[in-house]
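In the order they appear, the protein sequences are chains R and D. Heads up: take any position in the first sequence, counting from 1, add 5, and you land on my numbering. Heads up: take any position in the second sequence, counting from 1, add 498, and you land on my numbering. Notes for the one structure printed next.
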Amino acid sequence: MHPAPSIIFFTTLSGAGYGLLALFGLLGPVLGLTPSDSGIRYTALLAAFGLIGAGLACSTLHLQHPMRAWRGFSQWRSSWLSREAVLALLVFVPGLPFAWGWGVAGEAGGLWAVLGLLTALLAIATLFCTGMIYACLKPVRAWHHPLTAPLYVLFGLASGAAWAFPAIAPWAGPTAATSLAIVAICLLALAWAVKVMQWMHLADAPSTTTPGTATGLDALTGPGGYVRELIPPHTQETWLLREMAWRIGRKHALKLRLIAVIGGLAVPAMLMASAMTLQGTTALILGLAAAAAVQLGVTIERWLFFAEAKHMVALYYGAETA
Amino acid sequence: MTSLPKTPPAKRLGLVIDLDTCVGCHACAVHCKEWNHGGLPGPLTDEDPYGADPSGAWLNRVHTYEAVDEDGNSRTVHFPRSCLHCETAPCVTVCPTGASYKRSEDGIVLVDEDKCFGCGLCAWACPYGARELDVAKGGSGTMKKCTLCIDRIYNDTIDEEQRQPACVNTCPSSARHFGDLADPESDVSRLVADRGGYDLMPELGYKPTNKYLPPRARPVQTAPARELADVEAPGGFLGWVDRMLGG
Numbered sequence: 006m007h008p009a010p011s012i013i014f015f016t017t018l019s020g021a022g023y024g025l026l027a028l029f030g031l032l033g034p035v036l037g038l039t040p041s042d043s044g045i046r047y048t049a050l051l052a053a054f055g056l057i058g059a060g061l062a063c064s065t066l067h068l069q070h071p072m073r074a075w076r077g078f079s080q081w082r083s084s085w086l087s088r089e090a091v092l093a094l095l096v097f098v099p100g101l102p103f104a105w106g107w108g109v110a111g112e113a114g115g116l117w118a119v120l121g122l123l124t125a126l127l128a129i130a131t132l133f134c135t136g137m138i139y140a141c142l143k144p145v146r147a148w149h150h151p152l153t154a155p156l157y158v159l160f161g162l163a164s165g166a167a168w169a170f171p172a173i174a175p176w177a178g179p180t181a182a183t184s185l186a187i188v189a190i191c192l193l194a195l196a197w198a199v200k201v202m203q204w205m206h207l208a209d210a211p212s213t214t215t216p217g218t219a220t221g222l223d224a225l226t227g228p229g230g231y232v233r234e235l236i237p238p239h240t241q242e243t244w245l246l247r248e249m250a251w252r253i254g255r256k257h258a259l260k261l262r263l264i265a266v267i268g269g270l271a272v273p274a275m276l277m278a279s280a281m282t283l284q285g286t287t288a289l290i291l292g293l294a295a296a297a298a299v300q301l302g303v304t305i306e307r308w309l310f311f312a313e314a315k316h317m318v319a320l321y322y323g324a325e326t327a
Numbered sequence: 499m500t501s502l503p504k505t506p507p508a509k510r511l512g513l514v515i516d517l518d519t520c521v522g523c524h525a526c527a528v529h530c531k532e533w534n535h536g537g538l539p540g541p542l543t544d545e546d547p548y549g550a551d552p553s554g555a556w557l558n559r560v561h562t563y564e565a566v567d568e569d570g571n572s573r574t575v576h577f578p579r580s581c582l583h584c585e586t587a588p589c590v591t592v593c594p595t596g597a598s599y600k601r602s603e604d605g606i607v608l609v610d611e612d613k614c615f616g617c618g619l620c621a622w623a624c625p626y627g628a629r630e631l632d633v634a635k636g637g638s639g640t641m642k643k644c645t646l647c648i649d650r651i652y653n654d655t656i657d658e659e660q661r662q663p664a665c666v667n668t669c670p671s672s673a674r675h676f677g678d679l680a681d682p683e684s685d686v687s688r689l690v691a692d693r694g695g696y697d698l699m700p701e702l703g704y705k706p707t708n709k710y711l712p713p714r715a716r717p718v719q720t721a722p723a724r725e726l727a728d729v730e731a732p733g734g735f736l737g738w739v740d741r742m743l744g745g
């Protein structure tokens, strides 16, 4: 599939934003981590809403008619894209009062805890819906996989945790900083482990669809024969091929996977581990570097998610498998 | 509304495409483009249409495949490809705007282009590549697909024999047939039953309405071609030619 840059930035940025918001909703009540300094809480909320806003702004860029974006909220009964759009805004119903209570008033108990948990739940549901947009598409084998939607949730939470670290840890004391670093490293390790599992699973289960099964002409050739395209319908490439059978990105896939795992897991884990006992500006710089490395790793992962996916329509245009 | 009709449509209008008689002339694709450019889904914009790198939205495209069995016997099969108007069309249910819909009266899958915002998700959902986004310069930026020529088949201002899809009307080898596939007594249903009509990628479960008729079996040539028999030189002029050329 042709990776549209706006979709990659939308899913990675708003993914981190919703993950961050979900962690704030959980941090107060479950982990008992509410920074006493209101400035830290404001920074943290600004990071979450900033990432979500930047992501949602990117999401309209790939539409041919962005002015009709409001129609995307109407079909939640059948469409995962519509469900995602509805939930992405519904998060703010408990999210805004929670942000006021947690950020401005510094409250984390009682009603505020309930609002926080509700916000976290809706943010996670939003991430799940983003994953289901792709997971429900049977023509793309690499996406129609049981781990696709969980991975969107895991990468959202893990990259959110990576941003929570520089937002909160540098001034929250070594104990809070250590717990945050541990949460972030564990989430990152889990997300990348599941991703590697999916890569291995897809590699072990090779595709069974061929031009013969797509055209039904395998009945003519028998199991020992083959079907190949002799003449394409048009002399030049069509929109379908530009959009769906993009192959150049796959060339360096293995190297890119390695860079993604090193950048998205090994580098930030080391940076956060060295920063968790430090406080102040040094911790902030290390934490920001870690978050940037995670964002880079996740962006490469998302780019490969699109670039490596083969659409079955390619079978009609000369691809041997899909 | 992008939910599918709750009860299956009483009629299932669709095409039956005969891969045995299709000669790959592309007349169906050209007439489709001509009619629909000025019809309901039009315009179907082209970029650089007469230049070196033309591109544009087409609702019907004709491929040509070579099918080879394990003994090396080869068949050339022309293969028109367009929307199959699936019973459980995934392109309809994924649409977030309500632009994509399946008609409850006859099962035709259409796009309401005033609602479509051009996200392209429905084209990703279709394994058959039946939908194309009109992204050419000056194009509508909305999704284009086969309408089964809904503006011909119900059009009582044109002659009755014209009230079928343009591709069917124009096919010079009668390889395309149009009718109600829900009615087991219809001509198209009988054709499917007689000739073993099949679905494309049935394993995906989208239950396409359109059916393809397989190429008929042909005698396979097993023995090598015979050598030319030796000709006996006759007399007269031909005998003279034969002798002059060395018998």
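Beta carbons are placed, not taken as given, at the ideal position from N, Cα and C, and that holds for glycine.
Classification of W117/R by the beta-carbon crowding that lies within 10 angstroms, buried from 16 upward: What you label residue 117/R is simply residue 112 of the first sequence in a count that begins at 1. With 16 or more Cβ atoms within 10 Å of its Cβ, W117/R is classed as buried.
Of the listed residues L159/R, A125/R, W244/R, I267/R, nearest to E630/D (C-alpha basis): Along the second sequence, one-based indexing puts residue 630/D at 132. Measuring from the Cα of E630/D, the nearest candidate turns out to be W244/R.
Would DSSP call T519/D helix, strand or coil? On the second sequence, position 21 is the one that residue 519/D refers to. Here T519/D sits in coil by DSSP.
Just to confirm, is the Cβ distance from G22/R to G77/R under 8 angstroms? As a first step, residue 22/R is located in the first sequence; it is residue number 17 there, counting from the start. As a first step, residue 77/R is located in the first sequence; it is residue number 72 there, counting from the start. Cβ atoms of G22/R and G77/R: not closer than 8 angstroms.
Does DSSP put E234/R in a helix, a strand or coil? Start at 1 with the first residue of the first sequence, and residue 234/R comes out as number 229. Strand, per DSSP.
Three-way DSSP call (helix, strand, coil) for P578/D in this model: For the purposes of this step, residue 578/D is taken as residue 80 along the second sequence, with counting starting at 1. The answer is strand: DSSP assigns P578/D an E or B state.
Strictly under 8 angstroms for the Cβ-Cβ distance: is L679/D near chain R by that measure? Numbered from its first residue, the second sequence carries residue 679/D at position 181. No - not a single Cβ of chain R is within 8 angstroms of the one on L679/D.
Based on DSSP bridge pairs, tell me the residues matched to M676/D. Along the second sequence, one-based indexing puts residue 676/D at 178. Looking at the sequence provided, one finds Phe at residue 676/D rather than Met. Paired residue(s): L513/D.
Could one say the Cβ of A731/D lies closer than 8 angstroms to chain R's Cβ atoms, at least one of them? Here residue 731/D is taken as the residue at index 233 of the second sequence, counted from 1. Not an interface residue.
In its own chain, which residues sit with a C-beta less than 6 angstroms from the C-beta of Q182/R, not counting the 5 before and 5 after it? Against the first sequence, residue 182/R aligns to sequence position 177. In the sequence as presented, Gln is not what sits at residue 182/R; that position holds Ala. Closer than 6 angstroms at Cβ, skipping near neighbours: A174, M281.
Compute the Euclidean distance between the alpha carbons of W204/R and P594/D, then round it to the nearest angstrom. On the first sequence, position 199 is the one that residue 204/R refers to. On the second sequence, position 96 is the one that residue 594/D refers to. Going by the C-alpha atoms only, they are around 29 angstroms apart.
Contacts that A691/D makes with chain R (C-beta to C-beta distance below 9 angstroms): Mapped onto the second sequence, residue 691/D falls at position 193. Per Cβ cutoff of 9 angstroms: no residues; A691/D is ~17 angstroms from chain R at best.
Contact set for K709/D: own chain, Cβ-Cβ below 6 angstroms, skip 5 residues either direction: Looking up residue 709/D in the second sequence gives position 211. Excluding sequence neighbours, K709/D sits near V514, V690, G695.
In terms of residues, what are the limits of the beta strand (DSSP E) holding L608/D? Your numbering for residue 608/D matches position 110 in the second sequence. First-last of the beta strand (DSSP E) with L608/D: 607-609.
List the residues that DSSP assigns as beta-bridge partners of M641/D. Along the second sequence, read from residue 1 onward, the residue named residue 641/D stands at position 143. Paired residues: L631/D.
Who does L711/D pair with in a DSSP beta bridge? Taking the second sequence and counting its residues from 1, one reaches residue 711/D at position 213. Per DSSP, D516/D.
Return the bridge partner residues of A565/D from the DSSP annotation. Here residue 565/D is taken as the residue at index 67 of the second sequence, counted from 1. Paired residues: V232/R, R573/D.
Between W197/R and V98/R, is the Cβ-Cβ spacing less than 8 angstroms? Here residue 197/R corresponds to residue number 192 of the first sequence, with the count starting at 1. Here residue 98/R corresponds to residue number 93 of the first sequence, with the count starting at 1. Cβ distance not < 8 angstroms, so W197/R and V98/R don't count as in contact.
Going by DSSP in three states, Y599/D sits in which element: helix, strand or coil? Along the second sequence, one-based indexing puts residue 599/D at 101. Note: Y599/D maps to strand in three-state DSSP.
As a quick exercise: from L542/D, T505/D, A527/D, C665/D, pick the residue whose alpha carbon is nearest that of K642/D. Within the second sequence, residue 642/D is the residue found at index 144, counting from 1. Of L542/D, T505/D, A527/D, C665/D, the residue nearest in Cα terms is L542/D.
Per DSSP, what kind of secondary structure is E701/D in: helix, strand or coil? In the second sequence, residue 701/D corresponds to position 203, counting from 1. Three-state DSSP puts E701/D in a helix.
What are the residues in the segment 78-94 of chain R lying within 9 angstroms of chain D by C-beta distance? F78, S79, Q80, W81, R82, S83, S84, W85, L86, S87, R88, E89, A90
Helix, strand or coil for D685/D? Go by DSSP, reduced to three states. If you number the second sequence from 1, residue 685/D lands on position 187. Note: D685/D maps to helix in three-state DSSP.
In whole angstroms, what is the alpha-carbon distance linking E248/R and C523/D? Sequence index remark: in the first sequence, residue 248/R carries index 243 (1-based). Sequence index remark: in the second sequence, residue 523/D carries index 25 (1-based). Cα to Cα, the separation comes out at about 27 angstroms.
Under 8 angstroms between C-beta atoms, does M137/R make it to chain D? Here residue 137/R corresponds to residue number 132 of the first sequence, with the count starting at 1. Judged by the 8 angstroms Cβ criterion, M137/R is not in contact with chain D.
Residue from A327/R, S83/R, L18/R, A27/R whose Cα sits closest to the Cα of M699/D: Reading the second sequence from its first residue, position 201 is the one you call residue 699/D. For the residues A327/R, S83/R, L18/R, A27/R, the minimum Cα distance to M699/D belongs to A327/R.
What is the DSSP secondary structure of V318/R, counted as helix, strand or coil? Here residue 318/R refers to the residue found at position 313 of the first sequence. Helix, per DSSP.
Report yes or no: do the segment 7-19 of chain R and the segment 304-319 of chain R share at least 3 C-beta pairs separated by less than 8 angstroms? yes
Closer than 9 angstroms between beta carbons: that is the criterion. Which residues of the segment 120-144 of chain R meet it against chain D? I138, Y139, C141, L142, K143, P144
Using a Cβ cut-off of 8 angstroms (strictly closer), state whether W622/D contacts chain R. In the second sequence, counting from the first residue as 1, residue 622/D sits at position 124. It does; some Cβ of chain R falls within 8 angstroms.
What residues from the segment 535-552 of chain D come within 7 angstroms of chain R, judged by C-beta to C-beta, listed N to C? D551, P552
At least 3 beta-carbon pairs within less than 8 angstroms: the segment 553-565 of chain D vs the segment 578-594 of chain D: yes
Entirely within the segment 28-76 of chain R and at least 4 residues each: give me those alpha helix (DSSP H) ranges in chain order. 43-64
Is the Cβ of C617/D closer than 8 angstroms to any Cβ of chain R? Locating residue 617/D in the second sequence gives position 119, where the first residue counts as 1. Output row for C617/D: interface = yes.
May I ask you to list the residues that DSSP assigns as paired with D484/D? Because chain D here runs from 499 to 745, residue 484/D falls outside it and cannot be looked at.
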